[in-house]
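Participant: Taken in sequence, the protein lines are chains A and B.
Just so you know, we're using the working numbering here: the first sequence kicks off at 453 and counts up by one.
Just so you know, we're using the working numbering here: the second sequence kicks off at 117 and counts up by one.
What follows is a single structure, and I will ask about it in a moment.
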Amino acid sequence: MSLKLKALLKSPWVFHLSTGSCNNCDIETLDCLTPRFDIERFGMLLVGSIKHADVLLVSGSCNRMSVERMKALYEQVPKPCLVVAIGTCSGSRGIFKDSYNCPVPLDKIIPVDVYIPGCPPKPEAIIAGAVKLIEKVGGAT
Amino acid sequence: MTFIYLLVFGFAATAVLGLITSWIDRKVTARVQYRVGPPFLQPFIDIVKLLGKETVIPAGASKVTFLIAPVIGISGVIAVSTLLWVNQFFSDGFMGDWIVAIYLLTIPSISLILAGFASRNPLASLGASREMKLVIAYELPFILAALVPVISAQSIRLGVIIDSQAGGVFAGSISGILALIVAIMCVQAKLGLVPFDIPEAETEIVEGPIVEYSGPGLAIFKLMKNMLLFTLPFFLMILFFGGIRLHGINILWTVLEYVGIVAIITVIRNTNPRVRIDQAVKFFWGPMTLIAVVAVVLALNGL
Ligand code: SF4
């Protein structure tokens, strides 16, 4: 594994993007930063600017309004970057499957590396997803 | 010879010590919040990772200024830390190097202002203009506080300031203590830490001037901040505690002084909310300048 990738996996900075979620997924994501779970142990930080991010966390069901913004943001992440879909909504549109406003699931729009299902997923599940992501990317090269 | 000084002391030693200090800072912050905190090598890994990422230049930004701003900032820090190291270990200073150090210490802030205005982003411009106000606010009390050791040592050579503290450190006198308090507050603002992280205010203007930076540019800015985290306490130690002393029991004192200053900075950062920019200006031009003036007057009277 190259040094570049190794360093990336040891300090993935996370940018959190909500594409019209019901907010539960976002709250569960923020829970990962609390003392009980503390993902800074693994070098993960929540950053405010997309230009600093390595991992794009997407929650929500990709409604028509936010798809444009999401594409713009995805183009702005400095590569290499990874995409994680949090919650059933962003994985398969969940309960909004038949909505007029959510035409396609997330992975039809941008490439997704890991899906974390759940409505909302528990913080434990999110951390497990992050571990799987690291294993997948680390094992692939 | 100058080149070796620059590379070995100014860059390498300062960067390593600065990154270690930033780990201490993050670890203590985590422990204060009942978290475990990052592993020891985390700051180094962050820098390596950022160096390997893509640089995104925002459309319509002033390209040359955008790319050169971080280099200007880090050169300033390298120059000032070289000056301090050389004065510390080789007594190779020159007349008036105190003034040069004070000047060079503002270069990082200026590079942040340049970066902010060059990135064509409203948040970055806002951050840069706040940084500018903050520089104007803290520079006056900082210079007054740094003047106290100069008055006590009767010289503006850093080497003489260090030597004249062989008998007793300046922090032991009343004027020294007052000036040290003011200086620590100004260092807090110079480092851009809470409560004076107004230019970077992550929750309102997402990192301010460096919001558009990615990859190597961001790595250099982070490295610059971490090096400042070592250089500024080092400067305070030279001014108020007689610098690094490496014989006998004094080694222990030196380490304690350094860790003490860093711990105070970290504790202030963890126990305060962010102030507004007008409150910060009032704080520095009001009470802090007043205390600094009192310290200068006391120092002139030999107290
Ligand atoms: S997956 Fe469930 S909790 Fe998450 S945004 Fe969708 S509806 Fe809300």
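Just so you know, even glycine gets a beta-carbon here, dropped at the ideal spot from N, CA and C.
If you're wondering where the values come from, they're calculated on a predicted model, not measured in any experiment.
Report buried or exposed for B:Y150, applying the criterion of at least 16 other Cβ atoms within 10 angstroms of its Cβ.
Facilitator: Start at 1 with the first residue of the second sequence, and residue 150 of chain B comes out as number 34. Label assigned to B:Y150: exposed.
Participant: What first and last residue would you give for the beta strand (DSSP E) that runs through A:V466?
Facilitator: To locate residue 466 of chain A, count along the first sequence from 1; it is residue 14. Per DSSP, A:V466 belongs to the beta strand (DSSP E) from 465-470.
Participant: Would you mind telling me which residues of chain A sit closer than 7 Å to B:I173, beta carbon to beta carbon, in chain order?
Facilitator: Residue 173 of chain B sits at position 57 when you count from the first residue of the second sequence. The contacting residues do not exist; B:I173 stays about 10 Å from chain A at best.
Participant: If you reduce the DSSP assignment to three classes, tell me which class A:I561 lands in.
Facilitator: The residue given as residue 561 of chain A occupies position 109 in the first sequence. Three-state result, A:I561: coil.
Participant: Which residues of chain A have a Cβ atom closer than 8 Å to the Cβ of B:S330, listed in chain order?
Facilitator: Mapped onto the second sequence, residue 330 of chain B falls at position 214. Neighbours of B:S330 on chain A, chain order: K503, H504, P530.
Participant: Between the alpha carbons of A:L498 and B:S268, how many angstroms are there, rounded?
Facilitator: Taking the first sequence and counting its residues from 1, one reaches residue 498 of chain A at position 46. Taking the second sequence and counting its residues from 1, one reaches residue 268 of chain B at position 152. Going by the C-alpha atoms only, they are around 47 Å apart.
Participant: List the residues of chain A that B:Q149 touches, going by C-beta distances under 8 Å, in chain order.
Facilitator: Along the second sequence, one-based indexing puts residue 149 of chain B at 33. Residues of chain A passing the Cβ test: P487.
Participant: According to a CB-to-CB cut-off of less than 9 Å, which residues of the stretch 297-328 of chain B neighbour chain A?
Facilitator: Under the 9 Å Cβ criterion, the stretch 297-328 of chain B contributes E318, T319, I321, V322, E323, I326, V327, E328.
Participant: Decide if the stretch 370-377 of chain B is in contact with the stretch 217-230 of chain B; the criterion is three or more beta carbon pairs, one per stretch, under 8 Å apart.
Facilitator: No contact exists between the stretch 370-377 of chain B and the stretch 217-230 of chain B.
Participant: Give me the chain B residues within the contact set of A:R493, using Cβ-Cβ distance strictly less than 9 Å, ordered along the chain.
Facilitator: The residue given as residue 493 of chain A occupies position 41 in the first sequence. Per Cβ cutoff of 9 Å: A146, R151, V152, G153, P154, P155.
Participant: Assuming B:G381 contacts B:I293 (C-beta within less than 8 Å), just tell me the rounded distance between them.
Facilitator: Position 265 of the second sequence holds residue 381 of chain B. Position 177 of the second sequence holds residue 293 of chain B. For the sequence presented, residue 381 of chain B should be read as Ile rather than Gly. Not quite, the Cβ-Cβ distance comes to about 17 Å (not below 8 Å), so this is no contact.
Participant: Please list, in chain order, the chain A residues whose beta carbon lies closer than 9 Å to that of B:E247.
Facilitator: Walking along the second sequence from the start, residue 247 of chain B turns up at place 131. Within chain A, no residue comes near B:E247; the closest Cβ sits about 16 Å away, beyond 9 Å.
Participant: Return yes when the C-beta of A:G581 is under 8 Å from any heavy atom of the ligand SF4, and no when it is not.
Facilitator: Taking the first residue of the first sequence as 1, we reach residue 581 of chain A at position 129. No, since every heavy atom of the ligand SF4 falls outside the 8 Å radius drawn around the Cβ of A:G581.
Participant: B:A128: buried (16+ other C-beta within 10 angstroms of its C-beta) or exposed?
Facilitator: In the second sequence, residue 128 of chain B corresponds to position 12, counting from 1. B:A128 comes out exposed.
Participant: Looking at the C-beta of A:L585, does it have a partner C-beta in chain B at a distance below 9 Å?
Facilitator: In the first sequence, the residue the question calls residue 585 of chain A occupies position 133. Not one chain B Cβ lies under 9 Å of A:L585.
Participant: How would you list, in chain order, the residues of chain B whose beta-carbon sits under 8 Å from the beta-carbon of A:M580?
Facilitator: For this step, residue 580 of chain A is matched to residue 128 along the first sequence. For the record, residue 580 of chain A in the displayed sequence is Ala; it is not Met. Result: empty, since nearest Cβ-Cβ is about 18 Å, beyond 8 Å.
Participant: Measure the alpha-carbon distance for A:L534 versus A:G472 and round it to whole angstroms.
Facilitator: Position 82 of the first sequence holds residue 534 of chain A. Position 20 of the first sequence holds residue 472 of chain A. Those two C-alpha atoms are separated by around 20 Å.
Participant: Closest by CA to B:T145, which one among A:A577, A:T486, A:C554, A:L455?
Facilitator: Residue numbering aside, residue 145 of chain B sits at position 29 when the second sequence is read from its first letter. Among A:A577, A:T486, A:C554, A:L455, the Cα nearest to that of B:T145 is on A:T486.
Participant: Under 8 Å by Cβ, that's how I've got A:L461 and A:P532 pegged, so tell me the actual separation to the nearest angstrom.
Facilitator: For the purposes of this step, residue 461 of chain A is taken as residue 9 along the first sequence, with counting starting at 1. For the purposes of this step, residue 532 of chain A is taken as residue 80 along the first sequence, with counting starting at 1. Wrong, their Cβ atoms sit about 10 Å apart, outside the cutoff.
Participant: Is the shortest distance between the beta-carbon of A:K523 and the beta-carbons of chain B less than 9 Å?
Facilitator: In the first sequence, the residue the question calls residue 523 of chain A occupies position 71. For A:K523, the answer is no, since every Cβ of chain B falls outside 9 Å of its Cβ.
Participant: Whose Cβ in chain B lies nearer than 7 Å to the Cβ of A:G500?
Facilitator: Along the first sequence, read from residue 1 onward, the residue named residue 500 of chain A stands at position 48. The answer, in chain order, is E318, V322, E323.
Participant: Using a beta-carbon distance cut-off of less than 8 Å, what residues from the stretch 227-247 of chain B approach chain A?
Facilitator: Listed in sequence order: no entries.
Participant: Rounded to the nearest angstrom, what separates B:P389 and B:I314 at their Cα positions?
Facilitator: Translated into the one-based positions of the second sequence, residue 389 of chain B becomes position 273. Translated into the one-based positions of the second sequence, residue 314 of chain B becomes position 198. If you take the alpha carbons of B:P389 and B:I314, they lie about 11 Å apart.
Participant: Going by C-alpha distance, which of B:L334, B:S138, B:L348, B:G283 is nearest A:S501?
Facilitator: Locating residue 501 of chain A in the first sequence gives position 49, counting from the first residue. Comparing Cα-Cα distances from A:S501 to each of B:L334, B:S138, B:L348, B:G283, the minimum goes to B:L334.
Participant: Looking at B:V378 and B:D162, is the spacing between their C-beta atoms short of 9 Å?
Facilitator: Locating residue 162 of chain B in the second sequence gives position 46, where the first residue counts as 1. Locating residue 378 of chain B in the second sequence gives position 262, where the first residue counts as 1. The answer is no: Cβ separation not under 9 Å.
Participant: Can you check whether the C-beta of A:D565 is within less than 9 Å of a C-beta belonging to chain B?
Facilitator: Locating residue 565 of chain A in the first sequence gives position 113, counting from the first residue. By this cut-off, A:D565 is not an interface position.
Participant: Can you name, in chain order, every residue of its own chain whose Cβ lies under 7 Å from the Cβ of B:F156, other than the five neighbours on each side?
Facilitator: Position 40 of the second sequence, counted from the start, is the residue given in the question as residue 156 of chain B. Same-chain partners within the cutoff: W139.
Participant: Would you verify that the beta carbon of A:D559 is, or is not, closer than 9 Å to some beta carbon of chain B?
Facilitator: By one-based count along the first sequence, residue 559 of chain A stands at place 107. Not closer than 9 Å to any Cβ of chain B, the Cβ of A:D559 fails to qualify, so no.
Participant: Go through the stretch 467-513 of chain A residue by residue and report every complete run of the beta strand (DSSP E) that reaches 3 residues or more, in order.
Facilitator: List check, beta strand (DSSP E) in window: 507-511.
Participant: Taking Cβ positions, are B:F210 and B:R273 nearer each other than 9 Å?
Facilitator: Translated into the one-based positions of the second sequence, residue 210 of chain B becomes position 94. Translated into the one-based positions of the second sequence, residue 273 of chain B becomes position 157. Contact: yes.
Participant: Is any beta-carbon of chain B found at less than 9 Å from that of A:L469?
Facilitator: As a position in the first sequence, residue 469 of chain A is number 17, starting the count at 1. No, because no Cβ of chain B sits closer than 9 Å to the Cβ of A:L469.
Participant: How would you label B:Q363, buried or exposed, when you count the other beta carbons within 10 angstroms and need 16 or more for buried?
Facilitator: Walking along the second sequence from the start, residue 363 of chain B turns up at place 247. Residue 363 of chain B is actually His in this sequence, not Gln. Classification for B:H363: exposed.
Participant: Does A:D490 get closer than 9 Å to chain B when you measure Cβ to Cβ?
Facilitator: Position 38 of the first sequence, counted from the first residue, corresponds to residue 490 of chain A. Answer yes: the Cβ-Cβ gap between A:D490 and chain B drops below 9 Å somewhere.
Participant: Check whether the Cβ of A:P575 lies closer than 8 Å to any heavy atom of the ligand SF4, and answer yes or no.
Facilitator: Within the first sequence, residue 575 of chain A is the residue found at index 123, counting from 1. A:P575: no, Cβ never under 8 Å from the ligand SF4.
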